[in-house]
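Q:
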Amino acid sequence: LAGAGGPEAQHPGGLSWAVHLHSRADEREEKTLEQRADALAQAAGLVNTGRIGELHGHYLFVQPAGHGQAVEVEAVRQRAEAALAGHEDVRWHSEQRLLKRTKR
Amino acid sequence: SVHFNDPKYPQQWHLNNRRSPGRDINVTGVWERNVTGRGVTVVVVDDGVEHTVQDIAPNYSPEGSYDLNSNDPDPMPHPDVENGNHHGTRCAGEIAAVPNNSFCAVGVAYGSRIAGIRVLDGPLTDSMEAVAFNKHYQINDIYSCSWGPDDDGKTVDGPHQLGKAALQHGVMAGRQGFGSIFVVASGNGGQHNDNCNYDGYANSIYTVTIGAVDEEGRMPFYAEECASMLAVTFSGGDKMLRSIVTTDWDLQRGTGCTEGHTGTSAAAPLAAGMIALMLQVRPCLTWRDVQHIIVFTATQYEDRHADWVTNEAGFSHSHQHGFGLLNAWRLVNAAKVWTSVPYLASYVSPVIKENKAIPQTPSALEVLWNVSRTDLEMSGLKTLEHVAVTVSITHPRRGSLELKLFCPSGMMSLIGAPRSMDSDPGGFSDWTFSTVRCWGERARGVYRLVVRDVGDESLHVGVLQQWQLTLYGSVWSPVDIRDRQRLLESAMSGKYLHDGFSLPCPPGLKIPEEDGYTITPNTLKTLVLVGCFTIFWTVYYMLEMYLSQRSVAASSACGRGPCHWPHRSRKAKEEGTELESVPLCHSKDLGGVETESGGPPASPGLLVPDPLVQSSKSAPDCPPDLPQRREEQIC
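Dropping the structure here:
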């Protein structure tokens, strides 16, 4: 539940990846792209929380709840990287890191 | 002639400076002509906006707001230990504080709508930033961002892939296709010898980078220089000088009003407010039109330290002040007569491999790239807007490097200034610097990149591995630019600034916002709980029905002979723990006297036979020889 509600609801503390999928010519429907994203997230052992804002083809995958141990986290990271790096549908992906931003 | 009853309005020198006439944004004349930002929405992307404050509430736009830290639609700031989350509210007050409410202050665009996106008060990732930049982007016209990477004089950072994609998507699809206007503060790293070309938000071509000057027009101690700065406007200076008076939050130690807002954080919202005034008079200005009007109308002024240089197109630029001071009267009158610039044209050079050593100063490494007429034929690019240089350089101490770019006209831009605090041994890896100093100049010709090592170590030198030149501009010719300059100067009298004059303005595209309805976690949890509850009771009642059907079936079997209740264990019987549902049946015997079998009605759902009743009145035996009058059984 904590992760639901779209990419706005960041998975504080958990691993997450931004993924940009190749959209196919025949793919008009956001729906099919979303389904491909769901399948890809599952294959990578992650949960697709939905499209990132208004960016077509960009999705946020988060680590399923419950993997607390450092060892598990590393295993999740390796599995996810392996699945995303080699997948033909993935245009680019990047693990989300905390940004350091200061008020001016 | 404008008078407001707001108690702090007289102290708002940036709006109307009585003490030093002219040292203000020159906005009262625009207000007199009812240009107040009406119909425009500005969103403050920050640590929240306390929209319940008197000065903000009437202008607040809930439709344009969101809280990305808590994932709910209300961007109210949360008090924290440092009493620090007032930043967004102060910026919002500068833009749209309500006038004549006898409370605090007045905003530059006091007729505009103000929204808030709370994103800085918690962990921030690329994806959150990307969501923020396009949040409600058909409602929010201007995004005011008074934040950025650390201004510590050694950070090189900016929007990453997602943030860049969101900025680009915003200028392409935001605001009905005219493009979202992103206003960013240039940075407060002046004391650390920082330069805003090391900040990817400031040197992005998609953002309006605003610096600060104090009430005397000088670069304050905290301000940074950079070649990608478009313009400056007022903010606080050192202790002797006045800061900006604006609305404040009233949480914790807040009183709802402050006289201490300062930094480039205070300058950017004033620029956003002035752009809102422009968009009122001309809603169809594109994001590039806004940048052009700033370049054409910002005013150079006397400042010995500013090092003003006039480029080939007649625009004067300073690394400290950009193209000069923003002037609301000039911006709005120019907007009134502005017709859109031609489409954005660009040219990208190949990646130029160099692998050349960077000598110690006073020597320098100089590399050239010639952009020929043929190179530009395809894009039609004639005159420049932004010029970007992407470099990869190794060096043991990055802060010792100095990079200068010379446009074909000879106009010099210090795109990478040496930074005494930056001892990072990582050099630059595909970092993009940019300059606006060649704006309006011809694009064709030889570009010269000069790299020097100004460090004092004599050890290993740096190597320029590769670089790439990117030109942005349009098909405008130098003549077109001069014509436009003349047109604007003729408009500065204000003769067009009345309702009788208005150029045609296309309505823009209908672009659906895709974010639809996102269920907030609370709603989701509630739904799930209700769902579970419903399912549980459904299952229970089905079980109940099934069991009661079964027992009814059993009892109707009794009609034709002695009843055999399902076998009940002796033990359970003795313990009285046996449970079974006994249908409450009314059976009429011949005399019509109703008798009731089965125990008293137990608690709903559990029909537990009453042992006492049970022993005396087992289910009715229906003697077989009764005339064929069907026993009436009502259950």
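Which chain is which? The protein sequence lines are G and S, in order. Be aware that the first sequence starts at 1, since it is given in the working numbering, and climbs by one per residue. Be aware that the second sequence starts at 1001, since it is given in the working numbering, and climbs by one per residue. Glycine included, every Cβ here is placed at the ideal spot set by N, Cα and C.
Would you tell me roughly how many angstroms separate the C-alpha atoms of R1442/S and L1331/S, rounded to the nearest one?
A: Their backbone Cα atoms lie some 25 Å apart in a straight line.
Q: List in chain order: all unbroken beta strand (DSSP E) runs of 3+ residues lying wholly within the segment 1142-1213 of chain S.
A: 1142-1145, 1181-1185, 1207-1213, all fully within the segment 1142-1213 of chain S.
Q: Under 7 Å Cβ-Cβ, which residues of chain G neighbour H1087/S?
A: Within 7 Å Cβ-Cβ: K103.
Q: Alpha carbon to alpha carbon, what distance is there between V1552/S and S1587/S?
A: Summary for S1587/S: the model assigns pLDDT 43, below 50, so the residue's position carries little reliability; its value from the coordinates is reported in the next sentence. About 13 Å.
Q: Is V1539/S close to chain G? Criterion is C-beta to C-beta, closer than 8 Å.
A: V1539/S does not count as touching chain G.
Q: With V1042/S and I1117/S assumed to form a contact (beta carbons below 8 Å), what rounded beta-carbon distance in angstroms separates them?
A: Not a contact, Cβ separation roughly 11 Å.
Q: Output, in chain order, the set of chain G residues within a Cβ distance shorter than 8 Å of K1135/S.
A: Residues of chain G passing the Cβ test: G53.
Q: Looking only at its chain, what residues have a beta carbon closer than 7 Å to the beta carbon of T1435/S, apart from the 5 residues adjacent to it on each side?
A: Cβ neighbours of T1435/S beyond the five flanking positions: A1227, S1228, V1387, L1405, S1413, I1415.
Q: In terms of residues, what are the limits of the alpha helix (DSSP H) holding G1029/S?
A: From DSSP, the alpha helix (DSSP H) with G1029/S extends over 1028-1032.
Q: How close, in whole Å, do the beta carbons of L33/G and R77/G come, if the pair is a contact with beta carbons under 8 Å?
A: That pair is no contact at about 25 Å.
Q: Determine the chain G residues that contact W1147/S at a beta-carbon separation under 8 Å, and present them in chain order.
A: What W1147/S touches in chain G: R101, T102, K103, R104.
Q: What separation, rounded to the nearest whole angstrom, lies between the Cα atoms of C1438/S and D89/G?
A: For C1438/S and D89/G, the distance between alpha carbons rounds to 41 Å.
Q: Contact defined as beta carbons within less than 8 Å: I believe L1488/S pairs with T1297/S. What is the distance between those atoms, to the nearest angstrom?
A: Their Cβ separation, rounded to whole angstroms, is 7 Å, which keeps L1488/S and T1297/S in contact under 8 Å.
Q: If you count every other CB in all the chains shown that lies within 10 Å of the CB of V1045/S, and 16 or more means buried, which is it?
A: With 16 or more Cβ atoms within 10 Å of its Cβ, V1045/S is classed as buried.
Q: Could you run through the segment 1025-1051 of chain S and flag, in chain order, every residue whose CB is less than 8 Å away from some CB of chain G?
A: Those residues of the segment 1025-1051 of chain S that come within reach of chain G (Cβ to Cβ, closer than 8 Å) are D1046, D1047.
Q: Just mark C1145/S as buried or exposed, buried being the case when its beta carbon has 16 or more other beta carbons within 10 Å.
A: C1145/S should be labelled buried.
Q: Using a Cβ cut-off of 9 Å, pull out every chain G residue sitting near G1187/S, in sequence order please.
A: R104, listed in chain order.
Q: Tell me which residues share the same chain as W1308/S and place their Cβ nearer than 6 Å to its Cβ, disregarding the 5 neighbours each side in the sequence.
A: The residues are Q1300, S1316, S1318.
Q: State yes or no: is the beta carbon of P1504/S nearer than 8 Å to at least one beta carbon in chain G?
A: Chain G contact via Cβ: absent.
Q: Consider the Cβ of T1264/S: report whether some Cβ of chain G lies at a distance smaller than 8 Å.
A: By this cut-off, T1264/S is an interface position.
Q: How would you list, in chain order, the residues of chain S whose beta-carbon sits under 7 Å from the beta-carbon of A18/G?
A: Within chain S, the residues near A18/G are D1126, S1127, L1162.
Q: Can you tell me where the beta strand (DSSP E) holding D1430/S begins and where it ends?
A: Counting along the chain, the beta strand (DSSP E) containing D1430/S begins and ends at 1428-1435.
Q: Would you report the Cα separation of G1217/S and D1024/S, rounded to the nearest angstrom?
A: If you take the alpha carbons of G1217/S and D1024/S, they lie about 10 Å apart.
Q: Run the CB neighbour count on R1482/S, radius 10 Å, all protein chains shown included, and call it buried at 16 or more, exposed below.
A: It counts as exposed.
Q: Tell me which same chain residues have a C-beta within less than 6 Å of the C-beta of S94/G, skipping the five on either side of it?
A: Closer than 6 Å at the Cβ level, and outside the excluded window around S94/G, lie A18.
Q: For A103/G, write down the residues that DSSP places opposite it in a beta bridge.
A: The sequence as given places Lys at residue 103/G; Ala does not occur at that position. W1147/S.
Q: May I have the straight-line CA-CA distance separating A1212/S from Q1291/S, to the nearest angstrom?
A: Between A1212/S and Q1291/S, the C-alpha separation is close to 17 Å.
Q: Between H22/G and chain S, is the shortest Cβ-Cβ distance under 8 Å, so that the two count as touching?
A: By this cut-off, H22/G is not an interface position.
Q: Ordered along the chain, which non-local residues of its own chain (more than five positions away) have a Cβ less than 7 Å from that of E1032/S?
A: Cβ within range, chain order: S1001, V1002.
Q: Using DSSP with H/G/I as helix, E/B as strand and the rest coil, what is C1284/S?
A: Residue state, collapsed to three classes: coil.
Q: Check whether the Cβ atoms of W1338/S and I1293/S lie closer than 8 Å to each other.
A: Yes, Cβ-Cβ distance for W1338/S and I1293/S is below 8 Å.
Q: What does a CB cutoff of less than 7 Å around G1200/S pick up in its chain, not counting 5 residues either side in sequence?
A: Around G1200/S: D1157, G1158, P1159.
Q: Report the start-end ranges of each alpha helix (DSSP H) in the segment 1225-1305 of chain S that is 4 residues or longer and not cut off at the edges.
A: Within the segment 1225-1305 of chain S, the complete alpha helix (DSSP H) runs of at least 4 residues are 1264-1281, 1287-1297.
Q: Per DSSP, what kind of secondary structure is I1025/S in: helix, strand or coil?
A: If DSSP states are grouped into helix, strand and coil, I1025/S belongs with coil.
Q: Starting from L33/G, trace the alpha helix (DSSP H) both ways and give me its first and last residue.
A: It spans 30-43 - the alpha helix (DSSP H) in which L33/G sits, taken as one unbroken run.
Q: Kindly indicate which residue of E1513/S, L1547/S, E1259/S has the alpha-carbon position closest to the one of I1139/S.
A: For I1139/S, the nearest C-alpha among the options comes from E1513/S.
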